[in-house]
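Inspection log for the structure reproduced underneath, given as structure tokens.
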Amino acid sequence: MAKKASGSARLPSSDQRAQILARLRSLKMARSIHTYTRGSAERFYAWLADHRSGTLPDGPAVWIGGDCHLGNLGPVAAKTGEVAVQIRDLDQSVIGNPVHDLLRLGFSLATAARSSDLPGIITWRMVEALIAGYEQAFDSRHRAETSHLQRPAAIKIAMKAALHRSWRKLDRQTIQNVTPRIPLGKRFWPLSERERSAIHALFESTPDSSIGAALSRAPHRDARMKVLDAAFWVKGCSSLGRRRFAVMLDIDDACSDGHPPYLIDIKEAAAAKAPKDPGVRMPRDPAQRVLEGARHVSPMLGSRMCAARLDGCPVVIRELMPQDLKLDAERMSEADAVKVARYLALVIGNAHAAQMDHATQRAWCGELRRQHPKTADAPSWLWRSIIELMAAHEEAYLEHCRRHVVGKTVR
881 MAKKASGSAR
891 LPSSDQRAQI
901 LARLRSLKMA
911 RSIHTYTRGS
921 AERFYAWLAD
931 HRSGTLPDGP
941 AVWIGGDCHL
951 GNLGPVAAKT
961 GEVAVQIRDL
971 DQSVIGNPVH
981 DLLRLGFSLA
991 TAARSSDLPG
1001 IITWRMVEAL
1011 IAGYEQAFDS
1021 RHRAETSHLQ
1031 RPAAIKIAMK
1041 AALHRSWRKL
1051 DRQTIQNVTP
1061 RIPLGKRFWP
1071 LSERERSAIH
1081 ALFESTPDSS
1091 IGAALSRAPH
1101 RDARMKVLDA
1111 AFWVKGCSSL
1121 GRRRFAVMLD
1131 IDDACSDGHP
1141 PYLIDIKEAA
1151 AAKAPKDPGV
1161 RMPRDPAQRV
1171 LEGARHVSPM
1181 LGSRMCAARL
1191 DGCPVVIREL
1201 MPQDLKLDAE
1211 RMSEADAVKV
1221 ARYLALVIGN
1231 AHAAQMDHAT
1241 QRAWCGELRR
1251 QHPKTADAPS
1261 WLWRSIIELM
1271 AAHEEAYLEH
1281 CRRHVVGKTV
1291 R
């Protein structure tokens, strides 16, 4: 026990986290151009802001993911256990131009291809597949083909892992619930007394009915919630530095009867930096905005989320499900890269199309196809934009690496 105590004592306290997390974020972003682009969404948004109106197609205002890079897509589970590939992170979800999601995904795929040492010809074919998959979601003539579209190998592997993942495996990989306690270490850090008190108050003092409604085993209205343990969670890249907590929750003493605890993720919600449509109204509260975006873009995930306040801070609460996984597309074969591009574009297209009536779908698909050159299967604006983004981020990535080595934390 003394050995464990001394190990915990070396973990950072709440007032020591910021500097350590900033260094960790800088290190993560220095690992590859692909990880850099995943963690530098603000640079992508700045690139969008620098481009004059008319450079990109102006789509109908719908809820978008806002940061649809590869790591933010993957298998997610509904409360019923059903699994599908959807957008996994809605921190930047806004009502905006759907083409921004398409471009963000295309750019992410291109950097993944570069990290996989795939030739430029494959990148071009990926962009062709990207636009084809996206447009398919809006074409009623080919919509029946969607359900029969063969999953690429990378998607199949992730889906198989998600469907066969058990609570026991999740406990080993994420949180051990034998004691029950959260093992402090590299990924889980101790809480301050104020943080611990706030978390207990959130679930125990005045339990919000929306929390229970979001759980997979929805408790009755007067259920008693008890926090078994909680810790600061070191997770993510672009969100490192914001408050993130893992919580083990017992309801009506079910754990004493042998039931596993609920594993809860509490994530601070911040103002969106993704460009939104100027003529729309969204929830002013960041957590409510994320929740509303999830319900529209990733309904399976949205049904498992709720918005709350933790010590005055807006947070999004969701139950952790064993099937939730991100795609590992760092190393793709040439054949699978093209299939992944088409499949994921279709996923995003379906999320957008579900928010449009048939007339709007036809008009948007027609606008995209109108901008296709007759000599190619991908629009020049998409290819040109990806090339510009690659060039700008390559320079920024190398500068980030230089500054990281000389010891300057890059934000």
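Numbered per my numbering, the sequence shown spans residues 881 to 1291. Where a beta carbon is used, it is the ideal one built from N, C-alpha and C, also for glycine.
Residues near residue i by beta carbon distance below 8 Å, same chain, minus five either side
i        : result
Pro-1166 : Ala-1149, Ala-1150, Ala-1151, Ala-1152, Pro-1194
Arg-994  : Ile-913, His-914, Thr-1003, Met-1270
His-1249 : The question names His, yet the displayed sequence has Arg at residue 1249. For Arg-1249, where only same-chain residues beyond five positions count, the Cβ hits under 8 Å are Glu-1015.
Ile-1079 : Leu-1071, Val-1107, Ala-1110, Phe-1125, Val-1127, Ile-1146, Leu-1190
Ser-1046 : With a pLDDT of 47 at Ser-1046, under the threshold of 50, the predicted position of this residue should be treated as unreliable, and no value is reported.
Val-956  : Val-963, Ala-964, Val-965, Gln-966, Arg-968, Ser-1178, Met-1180, Leu-1181, Met-1201, Gln-1203, Asp-1204
Arg-1052 : Residue placement at Arg-1052 is flagged as unreliable, the pLDDT there being 47, under the threshold of 50; the coordinate-derived value follows with that caveat. No residues qualify anywhere along the chain.
Residue j beta carbon less than 8 Å from that of residue i
i        : j        : result
Val-1107 : Leu-970  : no
Val-1114 : Arg-1067 : yes
Ala-954  : Arg-968  : Per the sequence shown, the amino acid found at residue 954 is Gly instead of Ala. For Gly-954 and Arg-968, yes; Cβs fall inside 8 Å.
Leu-1082 : Ala-1111 : no
Ser-951  : Pro-978  : Here residue 951 is Gly; the residue named in the question, Ser, does not match the sequence. For Gly-951 and Pro-978, no; Cβs fall outside 8 Å.
Ala-1094 : Glu-1199 : yes
Ala-1271 : Ala-1009 : no
Ala-1225 : Gly-1013 : yes
Ala-992  : Met-1212 : yes
Val-1227 : Arg-1005 : no
Gly-1116 : Ser-973  : no
Ala-910  : His-1139 : no
Cutoff 7 Å; reference residue i; Cβ partners in own chain excluding five residues on either side
i        : result
Ser-1118 : Gly-919, Ala-921
Val-1196 : Lys-1147, Ala-1149, Ala-1167, Val-1170, Leu-1171, Met-1185, Ala-1187
Ile-975  : Ala-941, Val-942, Trp-943, Lys-1156, Asp-1157, Val-1160, Met-1162
Val-1286 : none
Leu-1064 : Ser-888, Leu-891, Pro-1070, Ala-1111
Arg-1076 : Ala-1110
Gly-1192 : none
Gln-1235 : Val-942, Trp-943, His-1176
Residue i classed as buried or exposed, judged by whether at least 16 other C-beta atoms fall within 10 angstroms
i        : result
Glu-1084 : exposed
Gly-934  : exposed
Asp-965  : It should be pointed out that residue 965 corresponds to Val in this sequence rather than to Asp. Per the 10 Å Cβ criterion, buried.
Arg-897  : buried
Asp-997  : exposed
Arg-853  : As shown, the chain starts at 881 and ends at 1291. That puts residue 853 outside it, with no answer to give.
Lys-1049 : Since pLDDT at Lys-1049 reaches only 49, below the 50 mark, its modelled position is unreliable, and the value read off the structure follows with that caveat. By the neighbour-count rule (16 or more Cβ atoms within 10 Å), Lys-1049 is not buried but exposed.
Ile-1011 : buried
Asp-1137 : exposed
Ala-990  : buried
Ser-988  : buried
Pro-1141 : buried
Asp-1130 : buried
Pro-999  : exposed
Arg-1123 : buried
Asp-981  : buried
His-1273 : buried
His-1238 : exposed
His-949  : buried
Arg-1164 : exposed
Beta-carbon separation (whole angstroms), residue i vs residue j, contact threshold 8 Å
i        : j        : result
Gln-1251 : Trp-1261 : 6 Å
Ala-929  : Pro-1155 : 7 Å
Leu-1143 : Met-1162 : Going by Cβ atoms, the distance from Leu-1143 to Met-1162 rounds to 30 Å, so no, they are not a contact pair.
Arg-923  : Ala-1276 : 6 Å
Pro-937  : Glu-1247 : 6 Å
Ala-902  : Gly-1121 : 6 Å
Contacting residues, own chain, Cβ-Cβ under 6 Å from residue i (five flanking each side not counted)
i        : result
Ile-900  : Pro-892
Asp-1109 : Arg-1061, Ile-1062, Met-1128
Gly-1229 : Tyr-1014, Ala-1017
Ser-1090 : Cys-1186
Thr-1240 : Pro-940
Arg-1175 : Gly-1182
Ser-894  : Ser-1072
Thr-917  : Thr-991, His-1273
Ala-1231 : Val-1177
Three-pair Cβ contact test at 8 Å for the region 953-970 versus the region 1258-1266: They do not touch, by the three-pair rule.
Touching by the beta-carbon criterion (3+ pairs, under 8 Å), the region 941-950 and the region 1197-1205: Touching, no.
The region 1268-1288 touching the region 906-913, judged by at least three CB pairs closer than 8 Å: Because the criterion of three Cβ pairs below 8 Å is met, the region 1268-1288 and the region 906-913 touch.
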